[in-house]
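Residue numbers (the working numbering), protein chains in the order written: chain A, 29 to 335; chain B, 24 to 322; chain C, 1016 to 1589.
Backbone N, C-alpha and C define an ideal beta-carbon position, used for all residues, glycine too.
Only one structure is covered here, and it is reproduced in the block below.
Okay, structure coming up:
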């Protein structure tokens, strides 16, 4: 187990290094002079531009700048937002809770709806209990989340008045955004659970278990489900990324504070340090989440550890 | 979602026994068995007709502003008009063009670079593989839409072209991984060994021998990917980071209809349905193709 | 929250370079905030009925709070939905109108501009102005304390004004209000004398504007830069409790308020316990929050939803007219192809303002003719200029050598007649009317691209004269607002997004600052406006109204002469 852990860590570090390089280069790939960009709202003399450039160390050789960037990032210092003049770290921290709340509730909804649907569909393959959920799942995968969000607003806010249409705050504000994000993800989970389940049901040990006269339900739950879960766990890692990405759209539709809305606003405002910080943070979180998922995977299926 | 899958050896030999057309016949017979794929093909055919024939089929100019604002669906405007008095039906037809072009070009970019990277990485192995896969893994570490957002930021202005580039680049890793996996399996085959031993140029081995063997999963992935790309592009346009007004791009149309959701629901419903049906068709066809091209997966 | 030393260094570096630059910089405008931003909403705003252009200058028509003080219930929380997030709550630092929509009951000013645009005493009980417009002496109230307990006196005035012109500080609209500032002296504890090097005739009006609001010297000095932007301290009937960026802000009652604010119906503290602002950029959603009861007061009701509130049971709508400029497009006089006067004139002829008002404003607003609204500077002489006439537009282009091309877009010397509209997007897309303008221009053979961007890059482009047409509006309590729009010294530093440079106009605008005779001043600004219109550097669109909708249980909402809402008389009945 330890060796597996180590090998995964060894592959993770270069990826994080690459992400930091990519994010660092962003500022330098953007057309135009980043310093002038930072001073965009002010009329400045060339001397002042140069002064700020040296104060921000932007006149140093790139490798040196990169080193500084990494050292600072490791200490949690992601620079200052151009727009608000506040530390990027603080802004991310302020918005993170709301996004995590959204992602976590969406994931719960996705699992709560997706897994049962997938299991039922697999057990009743080719019946309407299979076709129905799979049509739902396909539609869910194909539906743009911003449209789903608007439809939910139309129905539950404008027509029925059950939930607020917008903003952050108490749990009532969470329901519609979480549903929007969760329904889409549930479709993916339903499809994956179904095919994973189908594969397991075909395995010899299932036949053996049945042949031993065990109760079908127990067979399915004890043997089938456990094994079917293995690939499904991977999806959580992937879903974490797609939930974060989905938050970009969903938070905008519902005008809900969070990381997703922060990055969209920052891009529109050309607030590069903020964009850099968010991407670096998100990518790191994503890589770490996948690492954890891999470890969980290794726990569930000892064969993997060797690899 | 698409996993790397190669045709198994039996299948390859069986296929190799047929001439080209026969191979296609088998493929078509299998594809026809999938009702979903047929539905997908049907929708896509309609979409293609709409896209190609938009100028002839659209009853009105899609960007012409008129005084007939906010007409409900019916006569003379089949799907109603938006707040600018533009005919929504005509806009959706023209939007089909834009969406298909976005889908094709971004997937084209993604597949072309992805396949190339995958081929090279898989074939050369060692440090070439390690380096390329490092790049791919780095790209994969940034969730797709964020990567696209980053690229749009780097490119400066939001525009249709930048949108396609962004969506295209963020799709590269999928294909690179897929192809690399297939190549790793395929290059152990005897005929590849034979070609290499006989001193065939690398280019020939890559494109003549390896590519055909890995192309099936790429086709499946590209079909599914087109749906994903259209969806991603619509999302970005919805956020104001894609096509610019007065373009009848579906994501933008939806975004412009937001303010009228309550009383003029039709402004956003049309484009919403259009996006969903298009992506659905791509998914159905993709699933069908996978089953037809990769019998191991068939159920 | 405590920045590491490295962060602090960057912060200081930024601050330092900004401040250093400030002298030249002057960002904002006229005393009043600029507002570009507003876009969507504003557009939306305009109420229909109102044919009526606002009354004399300024307009703010205020719905009087008829209810007598005694009848009003104390306590309660007013939830207000605004369309924008303020860039800062520091009144001296903000270029944006939304700040003052929130802070007009937090920061008090030396004078008060009432709804009829008359100056009234406020923190100053009386004032004297020298005839040359350079020296202003204010006799201050003696019973005023800031909400942190600091007494208000002549030193406070000095601190505030010195702060604004301090080269280390980055001011918003406030600096332009103090143009030509020399010094403030405390003649005695409660007498402040403000001296200008060059005449500043509009200063008294500006002294009544939110950008020159008085902040507590003690608190401001003690706060971190971040705190000053979030919870600055004033002396008004309310104080700021918190600003949570991108979500909400809260004001709470100042229980120690011991006087009667100008225009108020009672002495002593306000009625409400709390005013809670939430930021909802999307107009239709904002309107929904009012219907659902999530909010009780909203700004900028989208025109298409106005019918659900106006005259409807349970709701009230107020539509005071904005002061300053109409909604307009600055036409870039330096950049191809709008550097060609014929193109600019064609744009003026090609723009159908009636259609914009009917379609996008649903009648909430009136046709604009000149750089200042009809209510701000009466201008009947302009009403015949550039009436909508697409044929005249085509002819103007034709005569200047712009010939119709194959795709309907004109060309000249092989160059297409393509231009860029720089539109601001504050979070809910661009204003409706911009696409209308785009379509109208296309009718005469002009291909306009819309560039939608957020506030900061929008400003950046404008300072660089990088786009051809810039839709915006500017609120100004004085005709001097035109200085920020058209004086050549304000290219790249203020709102001269037309990049307009006309020595005759420069002279008029400078003279206007020094002229203290109202009739003569008026003529100066009329002359300047006429020249600007002759040069077609300015495309007036719509004289707009500020539309506020609220529950009929909300009483006593009033507006000052700058059209900003005041909350001290607001009470919520059951």
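Supposed contact pair residue j and residue i - C-beta distance, whole angstroms, cut 8 angstroms
i	j	result
residue 1345 of chain C	residue 1487 of chain C	7 angstroms
residue 157 of chain A	residue 149 of chain A	7 angstroms
residue 315 of chain A	residue 44 of chain A	6 angstroms
residue 1134 of chain C	residue 1207 of chain C	Their Cβ separation, rounded to whole angstroms, is 16 angstroms, which puts residue 1134 of chain C and residue 1207 of chain C out of contact at 8 angstroms.
Residue i burial status per 10 Å Cβ neighbour count (16 or more: buried)
i	result
residue 1218 of chain C	buried
residue 41 of chain A	exposed
residue 120 of chain B	buried
residue 169 of chain A	buried
residue 1575 of chain C	buried
residue 1475 of chain C	buried
residue 1567 of chain C	exposed
residue 195 of chain B	buried
residue 1063 of chain C	Bear in mind that the predicted position of residue 1063 of chain C carries a pLDDT of just 28, short of 50, making it unreliable; the figure below should be weighed with that in mind. Result: buried.
residue 1582 of chain C	buried
residue 226 of chain B	exposed
residue 211 of chain B	exposed
residue 113 of chain A	buried
residue 1348 of chain C	buried
Beta-carbon proximity list for residue i, same chain, < 6 angstroms, skipping 5 on both sides
i	result
residue 249 of chain B	126, 130 and 305
residue 47 of chain A	311
residue 80 of chain A	63
residue 1358 of chain C	1352
residue 128 of chain B	187
residue 100 of chain B	94 and 110
residue 112 of chain B	101 and 102
Contact set for residue i: own chain, Cβ-Cβ below 7 angstroms, skip 5 residues either direction
i	result
residue 1297 of chain C	1443
residue 1052 of chain C	Summary for residue 1052 of chain C: the model assigns pLDDT 32, below 50, so the residue's position carries little reliability, and this model does not support an answer.
residue 1156 of chain C	1138 and 1140
residue 1530 of chain C	1216, 1536 and 1539
residue 255 of chain B	167, 168, 171 and 190
residue 126 of chain A	196, 284, 285 and 286
First and last residue of the uninterrupted beta strand (DSSP E) at residue i
i	result
residue 241 of chain B	Premise fails: residue 241 of chain B lies in the alpha helix (DSSP H), 234 to 261, not in any beta strand (DSSP E).
residue 1152 of chain C	1150 to 1155
residue 1467 of chain C	1462 to 1468
residue 1136 of chain C	1134 to 1136
residue 1559 of chain C	1553 to 1559
residue 1196 of chain C	1196 to 1203
residue 1486 of chain C	1484 to 1487
residue 1540 of chain C	First-last for residue 1540 of chain C: 1533 to 1549, but that is the alpha helix (DSSP H), not the beta strand (DSSP E).
residue 1141 of chain C	1139 to 1144
Enclosing alpha helix (DSSP H) for residue i [first to last residue]
i	result
residue 157 of chain B	149 to 164
residue 1453 of chain C	1447 to 1458
residue 1414 of chain C	1405 to 1414
residue 163 of chain A	156 to 170
Residue i Cβ short of 8 angstroms to the ligand GDP heavy atom set
i	result
residue 1128 of chain C	Absence of the ligand GDP from the depicted structure is noted, as is the absence of any ligand whatsoever, leaving it without description.
Beta-carbon contacts of residue i that lie in its chain and below 8 angstroms, excluding the five residues immediately before and after
i	result
residue 151 of chain B	143 and 144
residue 991 of chain C	Lying before the first or after the last residue shown, residue 991 of chain C is absent from chain C, which here runs from 1016 to 1589.
Open item on the list: So, does the region 1450 to 1460 of chain C touch the region 1359 to 1373 of chain C, judging by three or more C-beta pairs under 8 angstroms?
Closed with: Between the region 1450 to 1460 of chain C and the region 1359 to 1373 of chain C, the count of C-beta pairs closer than 8 angstroms reaches three or more; the two stretches touch.
Open item on the list: For the structure I just gave you, are there three or more beta carbon pairs, one from the region 175 to 191 of chain A and one from the region 226 to 234 of chain A, closer than 8 angstroms?
Closed with: Counting Cβ pairs under 8 angstroms, fewer than three are found: no touch.
Open item on the list: So, does the region 56 to 63 of chain B touch the region 301 to 316 of chain B, judging by three or more C-beta pairs under 8 angstroms?
Closed with: Between the region 56 to 63 of chain B and the region 301 to 316 of chain B there are three or more inter-stretch CB-CB distances shorter than 8 angstroms, so the stretches are counted as touching.
Open item on the list: Can you confirm whether the region 1461 to 1469 of chain C touches the region 1304 to 1321 of chain C when touching is taken to mean that 3 or more C-beta pairs between the two stretches lie within less than 8 angstroms?
Closed with: With a cut-off of 8 angstroms, the region 1461 to 1469 of chain C and the region 1304 to 1321 of chain C do not count as touching, because too few Cβ pairs lie within range.
- [ ] Assess, as a yes-or-no matter, whether the region 1554 to 1561 of chain C is touched by the region 1293 to 1310 of chain C under the definition of 3 or more beta carbon pairs within less than 8 angstroms.
- [x] Contact fails: fewer than three Cβ-Cβ distances are below 8 angstroms.
Task: Given 8 angstroms, three or more beta-carbon pairs between the region 1244 to 1263 of chain C and the region 1179 to 1199 of chain C - done: Result no; under three Cβ-Cβ pairs closer than 8 angstroms.
Open item on the list: Across the region 244 to 259 of chain B and the region 166 to 186 of chain B, are there enough close Cβ pairs to call them in contact, namely three or more that are closer than 8 angstroms?
Closed with: Touching, yes, given that three or more Cβ pairs across the two stretches are closer than 8 angstroms.
Open item on the list: Quick test of the definition: if touching needs 3 or more C-beta pairs under 8 angstroms, does the region 63 to 72 of chain B touch the region 1332 to 1350 of chain C?
Closed with: No contact exists between the region 63 to 72 of chain B and the region 1332 to 1350 of chain C.
Open item on the list: Three or more C-beta pairs under 8 angstroms: does that hold for the region 90 to 106 of chain A against the region 264 to 283 of chain A?
Closed with: Taking a contact to require three or more Cβ pairs closer than 8 angstroms, the region 90 to 106 of chain A and the region 264 to 283 of chain A do not qualify as touching.
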